[in-house]
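Chemist: Convert by adding 1 to the 1-based position in the sequence shown; the result is the number in my numbering. There's a structure below that I have some questions on.
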Amino acid sequence: KIDSPQDMLERLESARRKAVASIREVKGIAAGLRPSVLDDLGLVAAVNELCENLRRQGKFALHFFTRNIPGRLNPEIELAAYRIIQEGLSNALKHSGADEVYVNLVGRGSHILIGVEDNGTGFDLDHIMKFVRGNRRALGLLIMEERAVQLGGRFSAEPRLGQGTHLSAEIPIGTEVKHEHQENRDSR
């Protein structure tokens, strides 16, 4: 049976739509593995873009402060720092009910210090850690800690029930940070 020209056009259009959807999906997966802005412009620019994207959602006021971060770091360090901040912001967005969130990214000595703090509901850390063991969706805190520890750093979560949460990480970068690098105070 020979298909009519209209049938062939419909099948061709369907194939085109599937190809476009597949390309978008692959691009999304690739960006999820390592955001291209991280490779192109470095950690500060990538975190700034992440913050801008969240600001556009309008769920909370987001303040980003950075100081003394070298233009480029080891790619593993950049990715770990980015993912810790991303997960902290994701948790604030999904769970905190906050109307203000602060992100700090500061170079001090031979370390970078990361802070994500919100003024939301906070949580009971002991309860969450018991819950984590049986629920894959609640692994974010453990994953953030693991990212920092794998690089010789440390991570802490300080929830204050009814007052918000402060997440912090300290990651060694291997070289002393010079105090002449840019400072970015962005709060909208």
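C-beta: ideal position from N, C-alpha, C; glycine also.
So, with DSSP's three-state summary, where would you put Asp119?
Modeler: Here residue 119 refers to the residue found at position 118 when the sequence shown is read from its first residue. DSSP places Asp119 in strand when its eight states are reduced to three.
Chemist: Express the C-alpha separation of Leu152 and Glu77 in angstroms, rounding to a whole number.
Modeler: Position 76 of the sequence shown holds residue 77. Position 151 of the sequence shown holds residue 152. One C-alpha to the other measures close to 8 Å.
Chemist: Can you give the Cα-Cα distance for Cys52 and Lys95, rounded to whole angstroms?
Modeler: Counting from one through the sequence shown, the residue named residue 52 turns up at place 51. Counting from one through the sequence shown, the residue named residue 95 turns up at place 94. Each residue's Cα considered, the two are about 15 Å apart.
Chemist: Tell me which residue opens and which closes the beta strand (DSSP E) that Gly108 is part of.
Modeler: Translated into positions along the sequence shown, residue 108 becomes position 107. Taken as a continuous stretch (DSSP letters only), the beta strand (DSSP E) holding Gly108 covers 101-109.
Chemist: In chain order, what residues of the same chain lie with their CB nearer than 6 Å to the CB of Val102, ignoring the 5 residues before and after it?
Modeler: Along the sequence shown, read from residue 1 onward, the residue named residue 102 stands at position 101. Phe61, Leu63, Ala93, Asp119, listed in sequence order.
Chemist: Suppose you measure from the CA of Ser91 to the CA of Gly98; what does that come to, to the nearest Å?
Modeler: Here residue 91 refers to the residue found at position 90 when the sequence shown is read from its first residue. Here residue 98 refers to the residue found at position 97 when the sequence shown is read from its first residue. Cα to Cα, the separation comes out at about 12 Å.
Chemist: My assumption, with CB atoms under 8 Å, is that His112 sits in contact with Ile70. Please give the rounded CB distance.
Modeler: In the sequence shown, residue 112 corresponds to position 111, counting from 1. In the sequence shown, residue 70 corresponds to position 69, counting from 1. Actually they do not touch by this definition, with Cβ atoms about 11 Å apart.
Chemist: Closer than 6 Å by C-beta to Pro36: which residues in its own chain qualify, once you throw out the five before and the five after it? Chain order, please.
Modeler: Position 35 of the sequence shown, counted from the first residue, corresponds to residue 36. Only Ala47 meet the Cβ criterion.
Chemist: Applying the criterion that 16 or more other CB atoms from any shown protein chain within 10 Å of the CB defines a buried residue, is Ala16 buried or exposed?
Modeler: Here residue 16 refers to the residue found at position 15 of the sequence shown. Per the 10 Å Cβ criterion, exposed.
Chemist: Report the three-state DSSP secondary structure of Pro76 (helix, strand or coil).
Modeler: For this step, residue 76 is matched to residue 75 along the sequence shown. Looking at Pro76 - three-state DSSP - the assignment turns out to be helix.
Chemist: Around the Cβ of Val45, are there at least 16 other Cβ atoms within 10 angstroms (buried) or fewer (exposed)?
Modeler: The sequence position of residue 45 within the sequence shown is 44, counting from 1. By the 10 Å Cβ count, Val45 comes out buried.
Chemist: Tell me, which residues are paired with Leu114 by DSSP?
Modeler: For the purposes of this step, residue 114 is taken as residue 113 along the sequence shown, with counting starting at 1. For Leu114, which the question treats as bridged, DSSP gives the partners Val107, Glu171.
Chemist: Figure out for me which residue from Asn54, Asp41, Arg109, Gly43 has the closest Cα to the Cα of Arg68.
Modeler: Position 67 of the sequence shown, counting from 1, holds the residue named residue 68. Among Asn54, Asp41, Arg109, Gly43, the Cα nearest to that of Arg68 belongs to Arg109.
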